[in-house]
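K.L.:
Under my numbering, think of the first position of the sequence shown as 26, with each following residue one higher.
For each residue, glycine too, the CB sits at the ideal point set by N, CA and C.
Quick one: this structure, given as structure tokens, is what I'll be asking you about.
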Amino acid sequence: MSVYKSLTTSDVIVTPFKVNKNFIFQGANEITASNIGIDRFIGKNISYVSGSDLTGQIVSQSQALIYQSAKQLYYTNYLNGSNGSPVLTSSIQTDGVRIGQNGTQPSYVNYLPNTLLANRLFPTASLDEIGVISIPSNLFGEYIKPGSFKYEYNGTSNGIITDDGNGGLFQNGDKIGDIIYQHGMIIITAAGSSITGSVYSTAIYGTGVYSSVGSTNLDYLISTNNITCSFQSTMTIYESQYKCTLNPNEFTYTQNPSSISGSINSGIPYDFVTGSYFQPYITTVGLYNGANQLVAVGKLSQPLQSSNVSDTTVLVNLDL
């Protein structure tokens, strides 16, 4: 015999929370595998010629287009300074008239990691190069967890790149580029480029310099087979909590076959089962849909005795 009780919307609470998964890939053959698909590119400030100057280990792309795409998407507001283009400023007279409007309002999103003052520089001299490591979304989920990215090449301390949790890439204490967490893009801007040795940031957050990584080292870290790439993905999952409340006069009969004398079909309940003070134990809660189809089963860690004088509530948590 089945026993049902309907739940109302007030009995269900849906709570979102973030979960992370750690990934570690070793060697070029592993990161370029069909079920992984991490690609590496060189971008170069040159004129685009169709079919020429190709880069990429999985998909071939133009070096010129890699350079221009990164520049447009992530650095447009920062071409005139690492802190972004100056915003519009003005004064308002006592009569409400706005005067003295100066500056250029940034007009691009550029996918900043947080609300802190961003510090980005992009090399714009002729023949400047950048490195791009592209992680597919099926690996990083919604975004790469800030502070979890690590890229090791050549197995030495000089070949370890990490992110600072605020969108910056660092090697040996110097900044070498930026990471776009929500796109899985790792962009190395200070390798054999015109911004090498440039100072970034302000007195508010402290100053630093861009690394002196050479163009030869950039070519190596993009093309070498001796690498280890690790990071944590981030996804939002939803936990549904169902509050199953039994009133004192509900579910007072046990479903345990041992309460029947004789066979289940022909026997009768023992006297103690029919007593007014009988309180059965709860061991399992089943959740059914509108068609009375069982969709989930919750097992209690130990039997819970129901009460005949007050409500008994069982909370069932279901991760979706």
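Would you kindly work out how many angstroms separate the C-alpha atoms of LEU319 and LYS30, rounded to a whole number?
P.N.:
Here the question's residue 319 lines up with position 294 in the sequence shown. Here the question's residue 30 lines up with position 5 in the sequence shown. If you take the alpha carbons of LEU319 and LYS30, they lie about 13 angstroms apart.
K.L.:
Using beta-carbon positions only, say whether ASP336 and ASN274 come within less than 7 angstroms of one another.
P.N.:
Position 311 of the sequence shown holds residue 336. Position 249 of the sequence shown holds residue 274. In this structure, ASN274 does not lie closer than 7 angstroms to ASP336 by Cβ.
K.L.:
Can the beta-carbon of SER255 be found less than 7 angstroms from the beta-carbon of LYS175?
P.N.:
Walking along the sequence shown from the start, residue 255 turns up at place 230. Walking along the sequence shown from the start, residue 175 turns up at place 150. Yes, they are a contact pair.
K.L.:
Check ASN54 in the structure and name its three-state DSSP category.
P.N.:
Residue mapping note: residue 54 aligns to position 29 of the sequence shown, counting from 1. Correct three-state label for ASN54: helix.
K.L.:
Compute the beta-carbon to beta-carbon distance between SER331 and PHE297, rounded to the nearest angstrom, for a pair I have assumed lies under 8 angstroms.
P.N.:
By one-based count along the sequence shown, residue 331 stands at place 306. By one-based count along the sequence shown, residue 297 stands at place 272. At roughly 15 angstroms, the Cβ-Cβ gap does not stay under 8 angstroms, so SER331 and PHE297 are not in contact.
K.L.:
Compute the beta-carbon to beta-carbon distance between PHE42 and ILE63, rounded to the nearest angstrom, for a pair I have assumed lies under 8 angstroms.
P.N.:
Within the sequence shown, residue 42 is the residue found at index 17, counting from 1. Within the sequence shown, residue 63 is the residue found at index 38, counting from 1. The pair is not a contact, with the Cβ atoms about 27 angstroms apart (cut-off 8 angstroms).
K.L.:
Could you tell me the boundaries of the beta strand (DSSP E) in which LYS96 lies?
P.N.:
Sequence index remark: in the sequence shown, residue 96 carries index 71 (1-based). Where LYS96 is concerned, there is no enclosing beta strand (DSSP E), although the alpha helix (DSSP H) it sits in stretches over 88-99.
K.L.:
Compare the C-alpha of SER324 against each of ASN342, LEU141, ASN47 and GLU154 and name the closest.
P.N.:
Taking the first residue of the sequence shown as position 1, residue 324 is located at position 299. Before going further, note that residue 324 is Lys rather than Ser in the sequence given. Nearest option by C-alpha distance: ASN342.
K.L.:
Using CA coordinates, which residue listed in SER286, GLY166 and SER87 is at the minimum distance from VAL74?
P.N.:
Taking the sequence shown and counting its residues from 1, one reaches residue 74 at position 49. Residue SER87 is the option with its Cα nearest to VAL74.
K.L.:
Quick one: Cα of ILE61 to Cα of THR308, how far?
P.N.:
Here residue 61 refers to the residue found at position 36 of the sequence shown. Here residue 308 refers to the residue found at position 283 of the sequence shown. Distance between the alpha carbons of ILE61 and THR308: 43 angstroms.
K.L.:
Looking at the ligand MN, does it come within less than 6 angstroms of SER258, judged from the CB to the closest heavy atom?
P.N.:
No copy of the ligand MN occurs in the structure displayed, which carries no ligand at all.
K.L.:
Given this structure, state the Cα-to-Cα distance separating ASN333 from ILE205, to the nearest angstrom.
P.N.:
The residue given as residue 333 occupies position 308 in the sequence shown. The residue given as residue 205 occupies position 180 in the sequence shown. Cα to Cα, the separation comes out at about 59 angstroms.
K.L.:
My output table needs one value for VAL298: the three-state DSSP class, helix, strand or coil.
P.N.:
Against the sequence shown, residue 298 aligns to sequence position 273. Residue state, collapsed to three classes: helix.
K.L.:
Could you say which of ALA216, GLN196 and PRO138 lies nearest to PHE147 if we only look at CA atoms?
P.N.:
The count along the sequence shown starts at 1 and reaches residue 147 at position 122. Cα-wise, what sits closest to PHE147 is ALA216.
K.L.:
Is the beta carbon of TYR178 sitting closer than 7 angstroms to the one on THR249?
P.N.:
Translated into the one-based positions of the sequence shown, residue 178 becomes position 153. Translated into the one-based positions of the sequence shown, residue 249 becomes position 224. Contact flag set, yes.
K.L.:
Since GLU167 contacts SER218 with CB under 8 angstroms, what's their CB separation in whole angstroms?
P.N.:
Here residue 167 corresponds to residue number 142 of the sequence shown, with the count starting at 1. Here residue 218 corresponds to residue number 193 of the sequence shown, with the count starting at 1. Incorrect: roughly 31 angstroms between the Cβ atoms, too far for contact.
K.L.:
Please identify the residue among ILE83, ALA58 and GLU55 whose C-alpha is closest to the C-alpha of ILE67.
P.N.:
Numbered from 1 along the sequence shown, position 42 holds the residue referred to as residue 67. Selected option, being the one with the closest Cα: ILE83.
K.L.:
Nearest by alpha-carbon distance to ASN163: which of TYR99, GLN257, SER72 and TYR235 is it?
P.N.:
Residue mapping note: residue 163 aligns to position 138 of the sequence shown, counting from 1. Ranking the options by Cα distance to ASN163, first place goes to GLN257.
K.L.:
Would you mind stating whether GLY222 and ILE160 have Cβ atoms separated by less than 7 angstroms?
P.N.:
Numbered from its first residue, the sequence shown carries residue 222 at position 197. Numbered from its first residue, the sequence shown carries residue 160 at position 135. Cβ distance not < 7 angstroms, so GLY222 and ILE160 don't count as in contact.
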